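Numbering (the working numbering), first residue to last: 152 to 941. Just so it is clear, CB atoms sit at the ideal spot from N, CA and C, and this is done for glycine as well. None of the values given here were measured: they were computed from a predicted structure. Here the structure is laid out as structure tokens; the discussion comes afterwards.
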């Protein structure tokens, strides 16, 4: 036969009929004969013929079941079948054709009719197969993986690119869901969830484009771009889904790498030191890979490896030191990082590897790497979550991120050193750390990360006991204004120490400012305070007025002694003004950044500042300073003018603020002897008289203090007479805070209601607003807050 001769498979359980049919068809076709339908099915699957001629009635598998089996298998569904049957009639023919047969011939039949039927079906099949082969070749020529799904989601057709991509060939068709290339739930639970969601969209949607993970037949994970569209079978009308897969693993890895590097860069840029940089980097790595734990260790100059950080953070060692990991130590394998455990050995072993070369181990499971650190090589150990193992792409990314982290740590370390140097210089410029009693200051530069700007404050303790007070504001902000400020502050301090007075100090400062670039138009409030009397002499070079808040909550503005800013009229003498501060009053000096707001008069800010001080007159001075800074903080909508001008969004201009409460504290330390109590009462009475309190308030305070001191003498030092007792009294606008402290142990009072003794504490609690008594091994302290009548 020529190579183009058709192949015909005959299936009939009657040997004579098989021989007869074989003889009829042998002249034109290559004929193979089998005795039943099951043998025919196996033969067709092994090597599909051009036509199957089958009897309907056969043992093991009849002709109708054979047709059904052939049509159910995508590999044999296109093989034409001619059924032979002794059953005549239209119903028998319909039954055969509905089963899937291409033709139906009733016995007896003529030889010519059989040959004609066979020839016609072979030619029709060849025509169909030609189109099918052309379609298959067209699909196989696609560079992207191609697939067809039926209504149930089973993959019923694929091309060669699909097999190349996933390793699954046409021999396994159909592939029912869940498809074998889905990621497993145990090893890749998150990827499995994504694949399931993508399949649900593919099964239920008309079309779409998604990215989903898949697993190659050899086990490695891939990411593919899936595009699909719903179509209808032109012959049956059933719903099908055709789609393509494109490998985007490398693209995704590149995007992941770029995103990870960008995220790490952002976190590192926000870090203010090497410790913070390392911590945020470890957090970023943990979030990137959903790691269970990340450990950082460092080897010091002695060869000891110490854990310096852990994410999630673990409780620090009880001795406050980083736990050591010795490279020479051997012990039992605990598996938890204790001496000699697998984790310890794995971390120590990283120092035997090349930097930035990830090392993967199985006991314990994890990936480690070493990288450059300002203090030497740093080891990072990543313990992955069981459901998220780290693959080759992850270790490559770890090497890239490790290199970036090492560079960032060196950069942050260099910046940290420069910053410490700069901060030291800034602190030297800003002013004294120690303030005289009764003062509180706050400073807020507008330009970050500088800690100084063009504003300043200063307090100068003069040789005669007076205190010089200065608050100034240079034009501009940032480093340039800070350098001008530093020169003016130093000059003003030196002039005050010459005891020249506020007006003469500012006049001399005029001439100095004229020689300093950028110092012209600086505003300054300069005053000299006598703490004992409250007398304040001051002069203002164009500066906002000071605010004096009286004990009753009212306020006055210090608007005297005003003249032009510095160096505007350098030869013009400056005036002075004088004011006596009432006892327990509060003086607020400030720069305009505290009270000035766009589209609001300056008076609004000044009144607001006075109100905040009045609302917190009873607060300790440091708390009062915090309240002022909080209460005057600008609003976020300030620029648009839509909100109140003071509602908290950060200062946009430099702010310097100085508070002074005119009520110097009284501190008396005396031996624990009854004879000394009268002198203590006299000192306290004199101090209270200076505060100009009412007689009734003075008497109540004296009784509370006297009882507390007497208890300290009698109970605290009954076994050690002569021990020290300390009385401290501090005044606010509405109360006196008394503290009596001794170094002894009080005797527990006996419950004797008829006794005339042991009533001191009850009397104290009756006269004071709040009383606390605290005792420990160092002694006993009584705190009492007594209300002032105004």
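Burial state of residue 862 (16 or more Cβ within 10 Å): Within the chain shown, numbered from 1, the residue matching residue 862 stands at position 711. The residue in question, residue 862, is buried, as its Cβ has 16 or more Cβ neighbours within 10 Å.
CA-to-CA distance, residue 766 to residue 818, given in whole angstroms: One-based indexing of the chain shown puts residue 818 at position 667. One-based indexing of the chain shown puts residue 766 at position 615. Distance between the alpha carbons of residue 818 and residue 766 is about 28 Å.
Whole-Å CB distance - residue 414 paired with residue 435, under 8 Å assumed: Indexing the chain shown from 1 puts residue 414 at position 263. Indexing the chain shown from 1 puts residue 435 at position 284. 6 Å between Cβ atoms; contact.
CB of residue 375 within 7 Å of CB of residue 365, strictly: Position 224 of the chain shown, counting from 1, holds the residue named residue 375. Position 214 of the chain shown, counting from 1, holds the residue named residue 365. Yes, these two residues count as a Cβ contact at 7 Å.
Whether residue 647 touches residue 619 by CB criterion (7 Å): Position 496 of the chain shown, counting from 1, holds the residue named residue 647. Position 468 of the chain shown, counting from 1, holds the residue named residue 619. The answer is yes: Cβ separation under 7 Å.
Same chain only: Cβ atoms within 8 Å of residue 368, ignoring 5 sequence neighbours per side: Residue mapping note: residue 368 aligns to position 217 of the chain shown, counting from 1. Result list for residue 368: 317, 318, 319, 331, 332, in chain order.
Assigned secondary structure, residue 860 (DSSP; H/G/I helix, E/B strand, else coil): Reading the chain shown from its first residue, position 709 is the one you call residue 860. Looking at residue 860 - three-state DSSP - the assignment turns out to be helix.
N-terminal and C-terminal residue of the beta strand (DSSP E) that residue 822 is part of: Translated into positions along the chain shown, residue 822 becomes position 671. Here the beta strand (DSSP E) through residue 822 covers 817-822.
Residue 201 classed as buried or exposed, judged by whether at least 16 other C-beta atoms fall within 10 angstroms: What you label residue 201 is simply residue 50 of the chain shown in a count that begins at 1. Counting Cβ neighbours within 10 Å, residue 201 comes out buried, since at least 16 surround it.
Min CB distance residue 774 to chain D below 7 Å: As a matter of chain content, chain D is missing from the structure shown, which is built from one protein chain.
Supposed contact pair residue 428 and residue 559 - C-beta distance, whole angstroms, cut 8 Å: Numbered from its first residue, the chain shown carries residue 559 at position 408. Numbered from its first residue, the chain shown carries residue 428 at position 277. Their Cβ separation, rounded to whole angstroms, is 6 Å, which keeps residue 559 and residue 428 in contact under 8 Å.
Of the residues 743, 181, 371, 751, the one placed nearest residue 595, counting alpha carbons only: Counting from 1 along the chain shown, the entry for residue 595 is found at position 444. For residue 595, the nearest C-alpha among the options comes from 743.
Residue from 450, 446, 455 whose Cα sits closest to the Cα of residue 461: Taking the chain shown and counting its residues from 1, one reaches residue 461 at position 310. The shortest Cα separation from residue 461 among 450, 446, 455 belongs to 446.
For residue 380, the three-state DSSP class (helix, strand or coil): As a working mapping, residue 380 is identified with position 229 in the chain shown. In this structure, residue 380 counts as strand in the three-state DSSP scheme.
Close beta carbons around residue 487, own chain, < 8 Å, minus the five adjacent residues each side: One-based indexing of the chain shown puts residue 487 at position 336. Caution is warranted here: a pLDDT of 46 is assigned to residue 487, below 50, making its placement in the model unreliable, and no coordinate value can be reported.
Given 8 Å, three or more beta-carbon pairs between the stretch 707-718 and the stretch 667-676: yes
Contact check, residue 687 vs residue 736, beta carbons under 7 Å: On the chain shown, position 536 is the one that residue 687 refers to. On the chain shown, position 585 is the one that residue 736 refers to. No.
Identity of the residue in 355, 308, 914 nearest residue 105 by Cα: The structure shown does not extend to residue 105, since the chain is modelled only from 152 to 941, so the question has no answer here.
At least 3 beta-carbon pairs within less than 8 Å: the stretch 284-304 vs the stretch 386-405: yes
Residue 179 versus residue 278 - alpha carbon distance: Translated into the one-based positions of the chain shown, residue 179 becomes position 28. Translated into the one-based positions of the chain shown, residue 278 becomes position 127. Residue 179 and residue 278: Cα-Cα distance of roughly 18 Å.
Beta strand (DSSP E) segment containing residue 107, residue limits: No information on residue 107 is available, as it lies outside the stretch 152 to 941 that the chain covers here.
Residue 260 burial status per 10 Å Cβ neighbour count (16 or more: buried): What you label residue 260 is simply residue 109 of the chain shown in a count that begins at 1. Residue 260 comes out exposed.
Residue 732 and residue 813 closer than 7 Å at C-beta: The residue you call residue 732 lines up with position 581 of the chain shown. The residue you call residue 813 lines up with position 662 of the chain shown. Yes. Within cutoff.
Counted within 10 angstroms of its Cβ, other Cβ atoms place residue 236 as buried (16 or more) or exposed: For the purposes of this step, residue 236 is taken as residue 85 along the chain shown, with counting starting at 1. Residue 236 comes out buried.
Assigned secondary structure, residue 678 (DSSP; H/G/I helix, E/B strand, else coil): To locate residue 678, count along the chain shown from 1; it is residue 527. Of the three classes helix, strand and coil, the one that applies to residue 678 here is strand, per DSSP.
Pairwise C-alpha distance: residue 522 and residue 293: By one-based count along the chain shown, residue 293 stands at place 142. By one-based count along the chain shown, residue 522 stands at place 371. Approximately 46 Å, taken between the alpha carbons.
Whole-number beta carbon distance between residue 644 and residue 609, since they are thought to touch under 8 Å: By one-based count along the chain shown, residue 609 stands at place 458. By one-based count along the chain shown, residue 644 stands at place 493. Confirmed, Cβ separation roughly 6 Å.
Backbone secondary structure at residue 394 - three-state DSSP: For the purposes of this step, residue 394 is identified with residue 243 of the chain shown, where counting begins at 1. It is a strand residue.
Assigned exposure category for residue 165 - 16 Cβ within 10 Å defines buried: Counted from its first residue, the chain shown places residue 165 at position 14. By the 10 Å Cβ count, residue 165 comes out exposed.
Distance CB(residue 550)-CB(residue 507) smaller than 7 Å: Position 399 of the chain shown holds residue 550. Position 356 of the chain shown holds residue 507. Yes. Within cutoff.
Contact between the stretch 614-634 and the stretch 836-845 (3+ Cβ pairs under 8 Å): no
CA-to-CA distance, residue 412 to residue 526, given in whole angstroms: If you number the chain shown from 1, residue 526 lands on position 375. If you number the chain shown from 1, residue 412 lands on position 261. When rounded, the distance between both Cα atoms is 23 Å.
Burial state of residue 718 (16 or more Cβ within 10 Å): For the purposes of this step, residue 718 is taken as the residue at position 567 of the chain shown. Under this definition residue 718 is a buried residue.
Of the listed residues 234, 161, 194, 805, nearest to residue 748 (C-alpha basis): For this step, residue 748 is matched to residue 597 along the chain shown. Of the listed residues, the one whose Cα sits closest to residue 748 is 805.
Within 7 Å, strictly: CB atoms of residue 653 and residue 690: Taking the chain shown and counting its residues from 1, one reaches residue 653 at position 502. Taking the chain shown and counting its residues from 1, one reaches residue 690 at position 539. For residue 653 and residue 690, yes; Cβs fall inside 7 Å.
Exposure of residue 859, with buried meaning 16 or more beta-carbon neighbours within 10 Å: Here residue 859 corresponds to residue number 708 of the chain shown, with the count starting at 1. It is buried - the Cβ of residue 859 has at least 16 other Cβ atoms within 10 Å.
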